[in-house]
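Have a look at the structure below before the remarks.
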Amino acid sequence: MVVYPEETTTDADGNTVTRPSKVGVPCRAVIQTNTLMIGDEDQAVGFQTEEQLRLRLVNYPGGELGAQSQVVWNGRRYSIHGEPRRFNSSPRTAHVDYTIKRF
């Protein structure tokens, strides 16, 4: 897996914007199927599904991933969806889960 963490940059107009970094960081991860959803708005168009996966990074050297971060897994690019879920019950089992969506 390759993680493209969020970075802050300045665009041509001088505005501060966030985007995925251009350089990826390889790391290990645990990925599990979250759900396959059929949204109400998609039913009017047809049977379309979106793939959502649960992601937990293992020994990732950076901090928490921002909303503009992206990951590449099995040749497919995914974006972070929603807020991270933090589990802080004990130092041994503490971790952060993300929901990622393919686009």
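Position one of the sequence shown corresponds to residue 16 (the numbering used here), numbered consecutively onward. All residues carry an ideal CB built from backbone N, CA and C; glycine is no exception. The structure presented is a predicted model; accordingly, all values stated were derived computationally and were not measured.
- Taking N49 as the centre and dropping the five residues before and after it, the same chain places the C-beta of Q67, L68, R69, T114 closer than 7 Å to its C-beta, in chain order.
- A straight line joining the alpha-carbon of I46 with that of R71 spans about 7 Å.
- A44 and T24 have their C-alpha atoms roughly 27 Å apart.
- Under a 10 Å Cβ-count criterion, V73 is classified as exposed, with fewer than 16 other Cβ atoms of the shown protein chains found around its own Cβ.
- DSSP lists no beta-bridge partner residue for A82.
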